[in-house]
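Please read the structure below before turning to the comments.
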Amino acid sequence: MALKTETFILNAGPQHPSTHGVFRMRLTLDGEVIQDVEPVFGYLHRGIEKLAEGLTYPQDIVFTDRLDYLASMTNNQAYVVAVEKLAGIQAPERAEYLRVIMAELMRISSHLMAVGFLLNDLGAFLTPLLYMYREREKILDLFDMVCGQRLTYNYMRIGGVSQDIPEEFIPALKKYIDSLPGFINEYEQLLATNEIVLIRTKNVGILTKESAINYSAAGPVLRGSGVKWDIRKADPYSVYERFKFEVPVGSVGDIYDRYRVRIEEMHQSIAIIRQAMEQLPQGEIQAKIPKVLRPPKGEAYGHIEGPKGELGFYLVSDGSTNPYRLHVRPPSLINLTALKELLVGVKIADAMAIFGSIDICVGEVDR
Amino acid sequence: MTTALAATEIAAKLEAALPGSVVESNGNTVVVKDVQLFRAASYLKTTAGLDFNYLNYLTATDYQTHFELIYDLISIEHNHHIILKTRLTDREKATVASVVSLWRGADFQEREIYDLFGINFPEHPNLKRIFLWDGFQGYPLRKDFKH
Chain A
0 MALKTETFIL
10 NAGPQHPSTH
20 GVFRMRLTLD
30 GEVIQDVEPV
40 FGYLHRGIEK
50 LAEGLTYPQD
60 IVFTDRLDYL
70 ASMTNNQAYV
80 VAVEKLAGIQ
90 APERAEYLRV
100 IMAELMRISS
110 HLMAVGFLLN
120 DLGAFLTPLL
130 YMYREREKIL
140 DLFDMVCGQR
150 LTYNYMRIGG
160 VSQDIPEEFI
170 PALKKYIDSL
180 PGFINEYEQL
190 LATNEIVLIR
200 TKNVGILTKE
210 SAINYSAAGP
220 VLRGSGVKWD
230 IRKADPYSVY
240 ERFKFEVPVG
250 SVGDIYDRYR
260 VRIEEMHQSI
270 AIIRQAMEQL
280 PQGEIQAKIP
290 KVLRPPKGEA
300 YGHIEGPKGE
310 LGFYLVSDGS
320 TNPYRLHVRP
330 PSLINLTALK
340 ELLVGVKIAD
350 AMAIFGSIDI
360 CVGEVDR
Chain B
0 MTTALAATEI
10 AAKLEAALPG
20 SVVESNGNTV
30 VVKDVQLFRA
40 ASYLKTTAGL
50 DFNYLNYLTA
60 TDYQTHFELI
70 YDLISIEHNH
80 HIILKTRLTD
90 REKATVASVV
100 SLWRGADFQE
110 REIYDLFGIN
120 FPEHPNLKRI
130 FLWDGFQGYP
140 LRKDFKH
């Protein structure tokens with residue numbers, strides 16, 4: 000007699016240690032195999048795009064801190080780049096260099112978290128993650144030195160940065176940057192030679208090149224699938240044209256490739272910070288901008304390569320002090336579009352690993 | 000550096016392929032009629048030499064007299080981009096064709112526009128509110144929304 004079988008529905012989240020915030024996946028399971036996935040968003044929706052319309056351009060910078068709260072510096076940067084484009088403002092060179100140093104430190108910090116949490120999701124519970132936290136902590140100390148904040152920096156300003164670096168910053172940064180490659184290599188060695196990590200990540204969750212492009216994936220997810228696309232190279236902003244660095248890409252598009260791309264990018268960020276420290280010019284850190292900023296009527300889209308992918312702000316000005324419309328291009332949300340294709344047909348044990356390898360931040364998904 | 004293609008040239012090509020589709024063009028922006036949007040988007044994606052295979056972002060703005068939808072298209076291969084726009088004047092029954100079948104990356108972004116602006120995308124495979132709950136009254140990003 001044939002046994003009667005039926006599918007059942009499992010809710011992963013919203014309170015789940017592997018969903019990195021309040022995010023829910025509604026999984027339809029046939030035994031252990033996933034048949035359908037429906038991501039459910041909105042638990043952290045604060046209506047930032049609507050709120051931004053009620054505040055002035057400089058006031059909106061603090062909201063950007065609260066999008067991807069693991070990468071506040073790059074959020075600040077994307078927003079000020081967009082406003083500067085809209086209002087035709089050019090930040091002084093020293094400010095651009097400081098922005099680059101902060102953005103690259105932020106990228107390292109965000110990638111450390113991504114790699115740490117991925118291992119957490121794979122079952123290496125907390126131990127590797129705490130080492131990543133230890134290294135990230137030093138970056139937070141550096142940021143604390145610069146702007147007095149550890150999470151929501153509010154450091155960048157339209158036309159510059161809020162304050163110059165203190166004199167003890169560069170020696171501390173140098174010391175940190177010198178110690179970091181050894182750390183990354185050591186842990187990379189422990190992990191990339193670990194057979195369990197390899198079995199769980201290689202050839203699992205493959206996103207092909209064509210799919211990655213079609214799904215508008217960005218950042219390490221796109222590059223992990225073998226597409227050499229990095230806004231810092233493809234459409235350089237700030238002073239990135241002056242630095243030598245590589246754009247690492249994967250070949251298969253599996254979890255391992257996305258993980259490798261992040262590891263390599265940390266090394267590249269270190270190289271960029273070294274060059275930026277050497278070239279750092281003296282001078283002003285803030286351009287002269289009107290006390291009450293009223294950008295001319297029109298629209299602008301400013302974008303940067305954030306740690307999680309292309310982060311952009313689309314702004315419409317009606318000539319008043321507040322943006323008429325502010326839209327965030329959220330890499331976390333758009334990268335999640337591919338989740339369904341990645342998860343259907345795989346075993347539930349791999350679901351969290353695949354999800355972790357996309358690296359999202361719910362603050363940015365829901366906004 | 001990503002090249003911004005001249006909108007007038009793209010508009011001329013679109014007009015030749017789909018007569019009467021272009022409303023206006025300037026800078027790097029082409030505005031097409033709402034009923035022709037899908038065909039224009041499909042043309043831009045599939046025409047050799049243009050190859051806009053990457054939908055960078057998709058959003059809307061409420062200008063009170065009309066909604067404007069903006070599609071930022073990129074060709075990764077050629078590293079060039081163009082902005083495609085369309086305008087919807089009917090606020091009550093704002094509807095435009097879904098582009099999910101061309102770029103699957105539009106999926107959540109169209110749901111977001113549906114949720115926050117109340118614009119319909121009839122061909123969308125799973126059109127329902129994305130951030131707000133089903134019983135929520137109104138569309139917050141419309142300018143006439145009262146909270």
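Here the protein sequences come in this chain order: A and B.
Numbering-wise, numbering that gives the first Met the number 0 puts 197 at position 198 of the first sequence, and it's gapless, one number per residue.
Numbering-wise, numbering that gives the first Met the number 0 puts 28 at position 29 of the second sequence, and it's gapless, one number per residue.
For glycine and all other residues, C-beta sits at the position ideal for the given N, C-alpha and C.
Residue i at chain A interface by Cβ criterion, 8 Å
i: B/Leu-140; result: yes
i: B/Phe-130; result: yes
i: B/Asn-55; result: yes
i: B/Thr-64; result: no
i: B/Asp-143; result: no
i: B/Asp-133; result: no
i: B/Thr-60; result: yes
Proximity winner among the options, relative to residue i (alpha-carbon distances)
i: B/Ile-118; options: B/Asp-133, B/Thr-94 and B/Gly-137; result: B/Thr-94
i: A/Val-246; options: A/Ile-303, A/Lys-232, A/Ser-71 and A/Arg-257; result: A/Lys-232
i: A/Pro-295; options: A/Asp-317, A/Gln-278 and A/His-266; result: A/Asp-317
i: A/Pro-13; options: A/Lys-3, A/Val-39 and A/Gly-30; result: A/Val-39
i: A/Gly-368; options: A/Ser-161, A/His-266, A/Leu-314 and A/Thr-320; result: The displayed coordinates of chain A run from 0 to 366. Any statement about residue 368 of chain A would go beyond what the structure contains.
i: A/Glu-19; options: A/Leu-50, A/Val-114 and A/Gln-285; result: The sequence given here has His at residue 19 of chain A, not Glu. The shortest C-alpha separation from A/His-19 is found at A/Val-114.
i: A/Gln-278; options: A/Tyr-154, A/Glu-92 and A/Asp-120; result: A/Glu-92
i: A/Lys-387; options: A/Leu-129, A/Ile-269, A/Gly-147 and A/Phe-116; result: Outside the shown range of chain A, which is 0 to 366, sits residue 387 of chain A, and nothing can be said about it.
i: A/Glu-304; options: A/Pro-219, A/Gln-188, A/Arg-156 and A/Gly-41; result: A/Pro-219
i: A/Gly-158; options: A/Ser-237, A/Arg-23 and A/Ala-348; result: A/Ser-237
i: A/Leu-97; options: A/Thr-207, A/Met-72 and A/Cys-360; result: A/Met-72
i: A/Gly-46; options: B/Phe-116, B/Asn-27 and B/Ala-11; result: B/Phe-116
i: A/Tyr-68; options: A/Tyr-152, A/Tyr-42, A/Cys-146 and A/Phe-124; result: A/Tyr-152
i: A/Phe-312; options: A/Asp-143, A/Thr-200, A/Tyr-56 and A/Glu-263; result: A/Tyr-56
i: A/Ile-212; options: A/Trp-228, A/Asn-202 and A/Lys-201; result: A/Trp-228
i: A/Glu-209; options: A/Val-196, A/Val-203 and A/Val-226; result: A/Val-226
Extent of the continuous alpha helix (DSSP H) to which residue i belongs
i: A/Gly-181; result: 168 to 191
i: A/Val-79; result: 71 to 86
i: A/Arg-261; result: 254 to 278
i: B/Thr-28; result: Careful: B/Thr-28 lies outside any alpha helix (DSSP H), inside the beta strand (DSSP E) at 28 to 31.
i: B/Val-95; result: From DSSP, B/Val-95 is part of no alpha helix (DSSP H); its letter is neither H nor E.
i: A/Gly-355; result: 347 to 357
i: A/Gly-301; result: First-last for A/Gly-301: 297 to 305, but that is the beta strand (DSSP E), not the alpha helix (DSSP H).
i: B/Arg-141; result: Careful: B/Arg-141 lies outside any alpha helix (DSSP H) and carries neither H nor E.
i: A/Ile-138; result: 126 to 146
N-terminal and C-terminal residue of the beta strand (DSSP E) that residue i is part of
i: B/Ile-69; result: 66 to 74
i: B/Thr-58; result: 53 to 61
i: A/Val-315; result: 308 to 316
i: B/Val-22; result: 21 to 25
i: B/Lys-84; result: 79 to 87
i: B/Leu-126; result: Element bounds for B/Leu-126: n/a, residue is neither H nor E.
Cβ of residue i within 8 Å of any chain B Cβ
i: A/Ser-215; result: yes
i: A/Thr-336; result: yes
i: A/Phe-40; result: yes
i: A/Ile-212; result: yes
i: A/His-19; result: no
i: A/Ala-233; result: yes
i: A/Val-361; result: no
i: A/Val-99; result: no
i: A/Asp-229; result: no
i: A/Asp-365; result: yes
Distance cut-off 7 Å: residue i Cβ against heavy atoms of the ligand NAD
i: A/His-326; result: This structure lacks the ligand NAD, and indeed carries no ligand of any kind.
Notebook entry, point to check: Got a sec: which bits of the stretch 236 to 254 of chain A sit with their beta carbon under 7 Å from any beta carbon on chain B, in order along the chain?
Noted result: Cβ contacts with chain B come from no residue of the stretch 236 to 254 of chain A.
Check: Hey, which unbroken runs of the beta strand (DSSP E) at 3 residues or more fall wholly within the stretch 7 to 58 of chain A?
Finding: 7 to 11, 23 to 29 and 32 to 39
Notebook entry, point to check: Given a limit of 9 Å on CB to CB distance, which residues of the stretch 76 to 108 of chain B reach chain A?
Noted result: Asn-78, His-80, Ile-82, Leu-101, Trp-102, Arg-103, Gly-104, Ala-105, Asp-106, Phe-107 and Gln-108
Item checked: Positions along the stretch 23 to 53 of chain B whose CB lies within less than 8 Å of some CB in chain A -> Asn-52 and Tyr-53
Note to self: For the stretch 45 to 68 of chain A, list every residue whose C-beta sits within 8 Å of some C-beta in chain B, in sequence order.
What the structure shows: Gly-46, Glu-48 and Lys-49
Next item on the list: Quick one: which residues of the stretch 312 to 334 of chain A get their C-beta closer than 8 Å to a C-beta of chain B? List them in chain order.
Entry: Hits within the stretch, in order: Tyr-313, Val-315, Tyr-323, Arg-324, His-326, Arg-328, Leu-332 and Ile-333.
Check: Closer than 7 Å, Cβ to any Cβ of chain B: which residues of the stretch 342 to 353 of chain A, in chain order?
Finding: Here the close residues number zero.
Checklist line | Interface positions of the stretch 277 to 307 of chain A facing chain B (Cβ-Cβ less than 9 Å), listed along the chain | finding: Glu-298, Tyr-300 and His-302
Next item on the list: Closer than 7 Å, Cβ to Cβ, to anything on chain A: give me those residues from the stretch 1 to 26 of chain B, in chain order.
Entry: Thr-1
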